[in-house]
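Notes for the one structure printed next.
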Amino acid sequence: HSQGVKSIRDDVVSFIQQRDGGIPADPDLIFLTNGASSGIHMILTALIANDNCGVMLPIPQYPIYSATIDLLGGKKVGYYLDEKNGWDLNMAELERSLLEAREQGILVNSFVLINPGNPTGQVLSRKAVKDVVKFCAKHNLVLLADEVYQENVYDNDSEFYSCKRAAGETGLLDSDEIEMVSFHSTSKGLFGECGRRGGYMELVGIHPAVKDQIYKLASSGLCANLAGQIMTSLMCSGPKPGEPSYESHEAERRAIYDSLKKRSDIVSKGLDSIPGFSCQPAKGSMYCFPSVEIPEGALKAADEKGMLPDTMYAVSLLEATGICVVPASGFGQEKGRYGFRTTFLPSEEEMERCVG
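Mapping to my numbering: the sequence shown position 245 is 308, numbers consecutive.
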């Protein structure tokens with residue numbers, strides 16, 4: 064089946080319903096995918112009918128969205144996250160971005176939310192997620208909910224709150240006022256099985272005729288690979304209490320989570336303590352996204368080399384120390400800001416050595 068093995072889609076349904084407090088899910092609206100990226104590509108392909116179709120994107124954002132929109136010939140409509148407030152959303156900024164795009168004649172039809180954030184590492188509050196679903200319903204925007212880091216929440220005062228649950232608890236599901244596609248992946252979380260290429264997307268409030276077209280897109284790739292589907296089943300269900308592998312499985316999950324939590328604190332605090340650096344706490348996902356003050360002389364040198372300043376910084380850091388980071392310019396940022404994205408996946412000892 065091009066949507067994936069039915070029993071595995073049933074596992075996904077059980078996972079979603081348990082996560083969202085019993086809000087119903089339907090296996091016929093679940094598509095198993097080769098990681099989240101193939102699902103994202105399918106949905107953007109369905110949304111971008113011509114070069115005047117626009118998609119609202121967070122700045123900074125994971126570049127798969129901007130790259131795919133460019134590939135499909137659509138328009139990127141950026142909205143800035145608020146760095147000074149922990150990369151939170153600002154509803155006035157969302158309204159500004161949408162209004163300016165529509166005044167330019169762009170047909171904005173969709174909105175991307177990445178929560179927890181990549182590259183920014185924030186975890187949005189319940190209020191913020193509810194504000195987003197109401198914004199999308201108000202403006203007839205299809206919500207693309209990138210929730211692949213939903214298990215990666217390290218801050219004791221934060222929690223993952225899904226867009227679907229927010230839509231349910233604001234009445235938008237019952238009134239059929241929202242269209243949404245949510246994404247999850249085995250590449251993130253506590254499995255980190257990037258090579259297995261497993262994941263799913265759930266359609267919510269999507270018209271059956273549109274779902275049929277998405278099914279055609281899925282059929283063009285036959286189906287998601289079986290190993291990835293099985294990994295998705297394990298991610299969503301896993302061993303149950305009393306089964307032979309339950310205790311070892313849970314112990315390994317807990318050890319991975321506890322270590323990631325320690326590393327997020329080591330790296331975000333370590334970077335923030337460096338003179339000229341500013342780094343918001345990594346409350347979720349697997350990344351820190353510090354800003355770096357670059358002196359005028361270095362800005363001039365970068366210009367003479369035909370390089371972006373944070374690209375020159377990243378290359379210099381690699382050459383001098385062997386530390387590899389990704390220039391922030393690849394994710395988008397406000398004019399005059401420079402920095403980089405780094406992960407905290409290496410060992411605690413290695414992280415201490417690098418930022419200590």
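By construction, the Cβ of each residue, glycine as well, lies at the ideal position given by its N, Cα and C atoms. Values in this document were obtained by computation on a predicted structure and should not be read as measured data.
Check: For C387: DSSP bridge partner residues; Outcome: For C387, which the question treats as bridged, DSSP gives no partner whatsoever.
Check: Where I127 sits in the DSSP three-state scheme; Outcome: helix
Check: CA-to-CA distance, A361 to N288, given in whole angstroms; Outcome: 47 Å
Check: Within 7 Å, strictly: CB atoms of P121 and Y350; Outcome: no
Check: R326 burial status per 10 Å Cβ neighbour count (16 or more: buried); Outcome: buried
Check: Simplified DSSP assignment, three categories, for D220; Outcome: coil
Check: Exposure label - E386; buried when at least 16 CB within 10 Å; Outcome: First, the amino acid is wrong: residue 386 is Ile here, not Glu. I386 should be labelled exposed.
Check: Cβ separation of V140 and I177, assumed to be a contact under 8 Å, to the nearest whole Å; Outcome: About 15 Å separates the two Cβ atoms, so there is no contact after all.
Check: Bridge partners - D209, DSSP secondary structure assignment; Outcome: I177, F246
Check: Rounded C-alpha distance that separates V355 from A365; Outcome: 15 Å
Check: Neighbour-count burial assignment, A384, 16 or more Cβ in a 10 Å radius; Outcome: This sequence places Thr at residue 384; Ala is not what is there. Under this definition T384 is an exposed residue.
Check: Bridge-paired residues (DSSP) for V171; Outcome: G117
Check: Presumed contact (8 Å Cβ cut-off) between V388 and R400, rounded CB distance; Outcome: Going by Cβ atoms, the distance from V388 to R400 rounds to 15 Å, so no, they are not a contact pair.
Check: Neighbour-count burial assignment, L92, 16 or more Cβ in a 10 Å radius; Outcome: buried
Check: Distance CB(V205)-CB(V186) smaller than 7 Å; Outcome: no
Check: Burial state of A272 (16 or more Cβ within 10 Å); Outcome: exposed
Check: For C257, the residue or residues it bridges with in DSSP; Outcome: BP columns for C257 are empty, so no partner.
Check: Span of the beta strand (DSSP E), counted from its first residue to its last, around M264; Outcome: 262-267
Check: Cβ-Cβ distance between G98 and Q292 below 7 Å; Outcome: no
Check: Whole-Å CB distance - A438 paired with S65, under 8 Å assumed; Outcome: This structure cannot speak to residue 438, because the chain is shown only from 64 to 419.
Check: Under 7 Å between C-beta atoms of L207 and V175; Outcome: yes
Check: Segment contact flag, the stretch 235-246 with the stretch 209-227, C-beta cutoff 8 Å, min 3 pairs; Outcome: yes
Check: Closest residue to E256 among S221, K227, C226, M294 (Cα-Cα distance); Outcome: M294
Check: Per-residue DSSP class, three states only, for K138; Outcome: strand
Check: Burial state of R159, where buried means 16 or more other Cβ atoms lie within 10 Å; Outcome: exposed
Check: Sequence-distant residues of its chain with Cβ nearer than 7 Å to G339 (five each side left out); Outcome: V355, E356
Check: One or two residues paired with Y350 in a DSSP bridge; Outcome: T406
Check: Residues near A191 in its chain [Cβ-Cβ closer than 7 Å; skip 5 each side]; Outcome: D151, L152
Check: Presumed contact (8 Å Cβ cut-off) between C299 and F94, rounded CB distance; Outcome: Actually they are not in contact, since the Cβ atoms of C299 and F94 sit about 14 Å apart, beyond 8 Å.
Check: Alpha-carbon spacing of C342 relative to D335, whole angstroms; Outcome: 5 Å
Check: Per-residue burial, H104 [other beta carbons within 10 Å of its own, 16 or more giving buried]; Outcome: buried
Check: For Y143: DSSP bridge partner residues; Outcome: I122
Check: Cβ-Cβ separation, S322 to A345 (assumed contact under 8 Å), whole Å; Outcome: With 8 Å as the limit, A345 and S322 do not qualify as a contact, their Cβ atoms being about 14 Å apart.
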